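A.B. asks:
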Amino acid sequence: MTTHKHIDIIKRKGRRPTESFNRDKLHQSIVAATLSARTPEGQADSIAHAVTNYVLEWLESRPEVTSHDIRLVATRHLRAHHPDAAYLYEQHRTTL
Amino acid sequence: MDIASSLAIVTLAALIHASFQLSVSVLTLLSGHAIGAKHSHARVLRLTFGYVVGVGVMTLLALSFISLIFLHLFGTEAPQFVWAVACGLLIGVGLAVWFFYYRREKGTSLWIPRSFARHLSDRSKATKSGVEAFSLGLTSVISELLFIAAPMIISALVIIQLPGAWQLVGIGIYSIVSMLTLFSIWVLISSGHRLSTIQKWREDNKHFLQFAAGGALAVLGFFVYVCKILTDVAGAI
Numbered sequence: 595m596t597t598h599k600h601i602d603i604i605k606r607k608g609r610r611p612t613e614s615f616n617r618d619k620l621h622q623s624i625v626a627a628t629l630s631a632r633t634p635e636g637q638a639d640s641i642a643h644a645v646t647n648y649v650l651e652w653l654e655s656r657p658e659v660t661s662h663d664i665r666l667v668a669t670r671h672l673r674a675h676h677p678d679a680a681y682l683y684e685q686h687r688t689t690l
Numbered sequence: 212m213d214i215a216s217s218l219a220i221v222t223l224a225a226l227i228h229a230s231f232q233l234s235v236s237v238l239t240l241l242s243g244h245a246i247g248a249k250h251s252h253a254r255v256l257r258l259t260f261g262y263v264v265g266v267g268v269m270t271l272l273a274l275s276f277i278s279l280i281f282l283h284l285f286g287t288e289a290p291q292f293v294w295a296v297a298c299g300l301l302i303g304v305g306l307a308v309w310f311f312y313y314r315r316e317k318g319t320s321l322w323i324p325r326s327f328a329r330h331l332s333d334r335s336k337a338t339k340s341g342v343e344a345f346s347l348g349l350t351s352v353i354s355e356l357l358f359i360a361a362p363m364i365i366s367a368l369v370i371i372q373l374p375g376a377w378q379l380v381g382i383g384i385y386s387i388v389s390m391l392t393l394f395s396i397w398v399l400i401s402s403g404h405r406l407s408t409i410q411k412w413r414e415d416n417k418h419f420l421q422f423a424a425g426g427a428l429a430v431l432g433f434f435v436y437v438c439k440i441l442t443d444v445a446g447a448i
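The listed protein sequences correspond, in order, to chains S and H.
Heads up, the final residue of the first sequence is numbered 690 in the working numbering, and it's a clean run with no missing numbers.
Heads up, the final residue of the second sequence is numbered 448 in the working numbering, and it's a clean run with no missing numbers.
#1: For a contact meaning CB atoms closer than 8 angstroms, what does Tyr681/S contact in chain H?
#2: Quick one: which chain S residues come within Cβ less than 7 angstroms of Leu240/H?
#3: When you compare each of Ala626/S, Thr628/S, Val645/S and Asp663/S to Lys605/S by their alpha carbons, which one comes out closest?
#4: Could you give the first and the last residue of the continuous beta strand (DSSP E) run that contains Thr689/S?
#5: Buried or exposed: Gln637/S, going by 16 or more other Cβ atoms within 10 Å of its Cβ?
#6: If you run the structure through DSSP and keep just helix, strand and coil, what is Pro611/S?
#7: What are the boundary residues of the beta strand (DSSP E) that includes Val659/S?
#8: For the region 641 to 651 of chain S against the region 613 to 627 of chain S, do three or more pairs of beta-carbon atoms, one drawn from each stretch, fall closer than 8 angstroms, so that the two count as touching?
#9: With a cut-off of 8 angstroms, does the C-beta of Thr319/H fall near any C-beta of chain S?
#10: Can you give me the Cβ contacts of Leu271/H inside the same chain, cut-off strictly under 7 angstroms, excluding the 5 residues immediately before and after it?
#11: For Met212/H versus Gln378/H, is the C-beta distance shorter than 8 angstroms?
#12: Give me the Cα-Cα distance between Ile400/H and Ser335/H, rounded to the nearest whole angstrom.
#13: For Ala668/S, I'd like the list of residues in its chain whose CB is within less than 6 angstroms of its CB, leaving aside the five on either flank, ordered along the chain.
#14: Compute the minimum distance between the beta carbon of Leu399/H and the heavy atoms of the ligand SAM, and state whether it is under 7 angstroms.
#15: Check whether the Cβ atoms of Thr689/S and Gly318/H lie closer than 8 angstroms to each other.
#16: Roughly how many angstroms lie between the CA atoms of Asp333/H and Val430/H, to the nearest whole one?
#17: Give the residues of chain S in contact with Ile246/H, contact being defined as C-beta atoms less than 7 angstroms apart.
#18: Output the boundary residues of the beta strand (DSSP E) element that contains Asp602/S.
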């Protein structure tokens, strides 16, 4: 598991313990959403790379963010690559 | 009440049950996680089918259980006040569905306890085998009881007054018809339809589904009230 510079992620408005930002975790979640939209594996992986790099750039100047912020930023960038995957990624928490 | 009217009431109650969305939401989540986890298509089919069977079995068991309880309590004919309470429950739940079924936010979040929703969401992600998917199906029906109890109760009251073999037919009709939506979504997912298309359709039409389910509950309550209570009262006079 690789981690970038130390950035604290506040989970679910502080209701769950804060954890360090994990690039792989974000990458995997975007791959999963993109695969769910019936995208080939290779394409899903490259889209996830692009989105993860964008989120990392966005995080550079921020020592502490919420998981909701990361989800919003990732969704915004994912939408440009794959609108269906972005929709599923965004909807994940509001399906049930 | 004759057999045809009784089965028509059971069918309408089952259609209302089919319009409720919790089981469909869990199926969408389950298949999303299974596809996202790079499982083979055969495994996705196995998991989702296990889930659908679980929902069917629990629906069958729940309706049989409620019918059995009523049969023990009231025999083959429930008292008028029980029918009146059941009709009131249908109309009350119908109004509640109109106002509270979906949460006032984006997506298809339902007014069920958040702990239930989190549990189902976490389990849909953790489900790896057909048996786990089957038990997830059982659990999702229990989580939906708040909404499906009313159509199940009225169906049970109708079923217990039918002759023996027709009781089984009534339970069978309810179980099959109430699964129609879930089964259709399973067929769509199995045949390769995109989850985003299915979820978008559900989100775009959620207010219509909410209105239809609530309205149908109220109509069914009113129909049974007229058909069972007012007719009996008029007959007695």
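Heads up, the beta-carbon is just placed ideally off N, CA and C, and yes, glycines get one too.
Computed from a prediction, not measured in an experiment: that's the story for all the values here.
C.D. replies: With the given structure in hand:
#1: Ser407, Gln410 and Lys411
#2: Thr689 and Leu690
#3: Asp663/S
#4: Neither: Thr689/S is in no beta strand (DSSP E) and is coded neither H nor E.
#5: exposed
#6: strand
#7: Glu658 to Thr660
#8: yes
#9: yes
#10: Ile382 and Ser386
#11: no
#12: 16 angstroms
#13: Val645 and Val649
#14: In terms of ligand content, the structure shown is empty, and the ligand SAM therefore cannot be addressed.
#15: yes
#16: 36 angstroms
#17: Leu629 and Ser630
#18: Asp602 to Lys605
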